[in-house]
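Structure first, commentary second.
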Ligand SMILES: Cc1ncc(COP(=O)(O)O)c(C=O)c1O
C-alpha cells in the first residue's frame, strides 16, 4: 500500500528548502538546545524529527479540505477498516467524538428531530463536553448491575448495554432519540454486542455511533468485530491506543449506510473543533501505518492474541480474577488475590513495568504487536511469583443515578466555584464531569450531587468539584 503523506514529508525534508513558513523551528534544531552539539545523540535524533515536522504547506494538502495526498491516504485507511469514508484526526478520538456529535446534531436538524441522544453512562468526558457545547439532551443508559463483587461491573467505568436492555429502554422512552452512543470496548476490556445493538437501532429507526477509541485493532482480527463491520453508522478509533501510531493519531469512520450528510459534512465537523495546524508527524504515522496494517499486521495480531490468551490462562490457574473480552488487554480484579489495583500496579512499576491504568479494583495492561515475548514472559513471572494474600473484601458501595437539575450546556456555561467534594451535597455540578481516573463520569454537568456521588468521589480520591454558584 502506498504512503503519500510520508513520501511528501520525507522528500520535503531532503530538499532542504528555505522554510519561510510555520513551524518556527524551520525543520532544524539550532545550537543552544540541549547544549547542542552534533555529537550529542539526543541532538541528532531530534534534528531528524524536526526536519520532518511540518504542517499544511504548499503541496501538502489540507487536512479538512483534502483533495491530494491526505485524501489518498484516508482512502487507503477506509479500505482497511471497511468504512465508506475515513477522516484522519491528529487530536485523537476526542476530536472525532466532538465531530460525531456535531454530525448527529446536523442530521437531527435535517429530519426535524430534537438533539436527544441515548448514551451508555460510561461515556468518555469528550462526549459529555461535546454534548454540553452542542446542547444535546442525553438520556443515559445504565446496564443491569451485576451484584458479583469480583467482576465489579457496577463501577462507573463499565456499562455494557445488551441489545435486549437497549430495546427495552428505547421502547419506554417518551421521546425517540436521534442516535444511540455506545462505548465499546470499555477501559476494562469489555466488548458490547454491537451487531445486536445495531439491529435494535435499525428496528427503532435510530442512528448508531460507537466510541471505539480502544478498538482500532478489531478490524484486523480473524473474526473481525470492528463497529464498521458490525453495523454502526459512525465511530471513532484512536490509532495510537492499540496500533503502532504516534500519540494523537486517530480516525473518524463513516459507514456506507450512514446518511449522505455525514459524508458531505465530515471534514467541516472535524475542522469545527480541530487545530488549523495539524501535525504531519502524526499524519505521516497514520499513513505509514496503512502499509503495515495491509501487509504485516494480521498474522502478528493473531500471534499476540494467542500469547495473551496463554498468559491469561496461567494467571487464572494461579487464582487471579480476570475481566473483559479483549484479546490484547489484560485486566485483573486483584482484591480476591489480596491486593488493590494500585498495589499491583505499584509492584509492577518497581520492576520497570508500567500499566495503563489502576484504581482500587482493577489493574489494566494493554499489549500491542510491539511488545516482545521477553516482556510478556517477564510480566508472567512477576505475577506468578506474587504470593496470594487474604482477600480484600472492601468494594464500591454506591449506586450512581444522579438526577439532572438543569441542562448540560446551561451548567457548563454557568458561573461556577470550586469546593471540597465533601461540601457539595445538593449542589449542581458545573464542570463537564467529575470523573474517576480514566475520564469516565461519576456525575455530569447539570446533575445534582447526591450522597452516592460523594461516596463515589471519596472512593476514587477525588477531592474537588466545580459547582454552579447558587
Ligand atoms: C473510551 C475512550 N474514549 C475516548 C477517549 C479519548 O481518546 P483520545 O485520547 O485518543 O483523544 C479515551 C481516552 O482514553 C477513551 O478511553
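In this note's numbering, the protein residues as written are 63 to 532. Heads up, the beta-carbon is just placed ideally off N, CA and C, and yes, glycines get one too. Computed from a predicted structure; not experimentally measured.
Under the criterion of a Cβ to heavy atom distance below 7 Å, does residue 435 qualify as lining ligand 1?
-> no
Could you give the residue range of the beta strand (DSSP E) that holds residue 378?
-> Segment 359-380 is the alpha helix (DSSP H) holding residue 378; no beta strand (DSSP E) there.
Collapsed DSSP secondary structure at residue 287 in the structure displayed | coil
Where residue 335 sits in the DSSP three-state scheme = helix
For residue 272, which three-state DSSP category applies?
-> strand
Please work out which residues of its chain come closer than 6 Å, Cβ to Cβ, to residue 71, disregarding the five sequence neighbours upstream and downstream, and give them in chain order.
-> 114, 342 and 346
Distance cut-off 7 Å: residue 188 Cβ against heavy atoms of ligand 1 = yes
Within 7 Å: the Cβ of residue 182 and any heavy atom of ligand 1?
-> no
From the DSSP output, in three-state form, read off residue 418 for me.
-> coil
Length at least 3, wholly inside the stretch 451-510: the beta strand (DSSP E) runs in chain order | 478-482, 495-498 and 502-506
Short check: CB of residue 168 to CB of residue 377, under 8 Å?
-> no
Below-8 Å beta-carbon distance, residue 428 vs any chain B residue = Going by chain labels, chain B is absent from the structure shown, which holds only one protein chain.
For residue 428 versus residue 271, is the C-beta distance shorter than 8 Å?
-> no
When you compare only the Cα positions, how much space is there between residue 215 and residue 353?
-> Here residue 215 scores only 46 on pLDDT, less than 50, and its place in the model should not be relied on; the value that follows carries that caveat. One C-alpha to the other measures close to 38 Å.
For residue 461, is the beta carbon positioned less than 7 Å from some heavy atom of ligand 1?
-> no
Using a Cβ-Cβ cut-off of 7 Å (strictly less than) and excluding sequence neighbours within five positions of residue 53, which residues of its own chain qualify?
-> Within the shown structure, residues of the chain are numbered from 63 to 532, placing residue 53 beyond reach of any answer.
Hey, would you say the C-beta of residue 304 is under 7 Å away from at least one heavy atom of ligand 1?
-> no
Cβ shell of residue 209 (< 6 Å), same chain only, five flanking positions each side left out = Only weak support is given to the placement of residue 209: the predicted model assigns it a pLDDT of 47, under 50, and the value that follows is read from those uncertain coordinates. Around residue 209: no qualifying Cβ.
Run the proximity test for residue 159: is its beta-carbon closer than 7 Å to any non-hydrogen atom belonging to ligand 1?
-> yes
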